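Using our numbering, read the sequence shown as starting at 108 and increasing by one per residue.
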Amino acid sequence: MDALNLTATGLDTTQLFALAAALGWASGLRLYAVVFLTGLAGHLGWVQLPPGLHVLQHPVLLGASGLMLALEFFADKVPGLDSLWDGVHTFIRIPAGMALAAGVFGGDSAVWTTVAALMGGALAATSHAAKATTRMAANTSPEPFSNVGLSLLGDAAVPSMLWLAWTHPLWFFVALALALVLMIVLVVVLFRFLRALLRRWKGRFAASPAAL
Numbered sequence: 108m109d110a111l112n113l114t115a116t117g118l119d120t121t122q123l124f125a126l127a128a129a130l131g132w133a134s135g136l137r138l139y140a141v142v143f144l145t146g147l148a149g150h151l152g153w154v155q156l157p158p159g160l161h162v163l164q165h166p167v168l169l170g171a172s173g174l175m176l177a178l179e180f181f182a183d184k185v186p187g188l189d190s191l192w193d194g195v196h197t198f199i200r201i202p203a204g205m206a207l208a209a210g211v212f213g214g215d216s217a218v219w220t221t222v223a224a225l226m227g228g229a230l231a232a233t234s235h236a237a238k239a240t241t242r243m244a245a246n247t248s249p250e251p252f253s254n255v256g257l258s259l260l261g262d263a264a265v266p267s268m269l270w271l272a273w274t275h276p277l278w279f280f281v282a283l284a285l286a287l288v289l290m291i292v293l294v295v296v297l298f299r300f301l302r303a304l305l306r307r308w309k310g311r312f313a314a315s316p317a318a319l
């Protein structure tokens, strides 16, 4: 398996796992950016994609993912709409992260393909949960600037991590570990904040009839 992938793509095992992890993690944030940018890089010859990802280079898929990327770019910056978009994509980003990570190994080995799929799904779920929770917390503030700032941060993080996985896989794993720690902390802290806020709102609504 390793020799076959190395011959076909010039990537060693570490680079393949870094790419699989990057695709899974980034899919939880910006799925369509991942599909479009990866496919475009392969189509233009900037990188040689593993055989299992060659479908991303197809002009039809590039057009479709590019259109969805444009829609997501604007939807992700509108308060309220961003959380609705995240809610719908809970059922899309995680399985897509699994599929993209598995595609790195192209079915050369059922064991490694399965491992990559599980890793990709777990990373996509973690980044998606952190993104959705953070945006819900930001939407409790009336100003739109925090939403735009968080969205632009995600826009920059996805291509940066994909580039790092391709060029410096070991540094990518360091950056990924730091990102995961930060995301887990954000999910825990912001979930508690949102739960307390919800309880406060429920208390106000329950007290309103009594006051009348």
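C-beta: ideal position from N, C-alpha, C; glycine also.
Only a predicted model underlies this, so the values are computations on that prediction, with no experimental measurement involved.
(request) Output yes or no for whether 7 Å exceeds the beta carbon distance between A231 and I201. (result) Contact: yes.
(request) Mind checking which residues open and close the alpha helix (DSSP H) that includes K238? (result) Per DSSP, K238 is one residue of the alpha helix (DSSP H) stretching across 217 to 245.
(request) Could you say which of N246, F279, V281 lies nearest to F300 if we only look at CA atoms? (result) Of the candidates N246, F279, V281, the residue whose Cα lies closest to the Cα of F300 is N246.
(request) Name the two residues that bound the continuous alpha helix (DSSP H) containing F180. (result) Counting along the chain, the alpha helix (DSSP H) containing F180 begins and ends at 166 to 182.
(request) Let me know the secondary structure DSSP gives H161 once reduced to three states. (result) Helix, per DSSP.
(message) I want to know whether the segment 215 to 234 touches the segment 163 to 183 - three or more CB-CB distances under 8 Å.
(response) No: fewer than three Cβ pairs fall under 8 Å.
(message) Rounding to the nearest angstrom, what Cα-Cα distance links T241 and F212 in this structure?
(response) The C-alpha of F212 is placed about 32 Å away from the C-alpha of T241.
(request) Tell me whether G213 sits in a helix, a strand or coil according to DSSP, three-state version. (result) Collapsing the DSSP output to three states places G213 in coil.
(request) Kindly indicate the opening and closing residues of the alpha helix (DSSP H) around G187. (result) Secondary structure note for G187: it is in no alpha helix (DSSP H), with a DSSP letter that is neither H nor E.
(request) Would you kindly work out how many angstroms separate the C-alpha atoms of G159 and L271, rounded to a whole number? (result) In this model, G159 and L271 are separated by some 21 Å (Cα to Cα).
(message) I need the straight-line Cα distance from V167 to L207, nearest angstrom please.
(response) Spanning the alpha carbons of V167 and L207 requires a straight line of approximately 17 Å.
(message) Would G149 and L138 be called neighbours here (beta carbons separated by less than 7 Å)?
(response) In this structure, L138 does not lie closer than 7 Å to G149 by Cβ.
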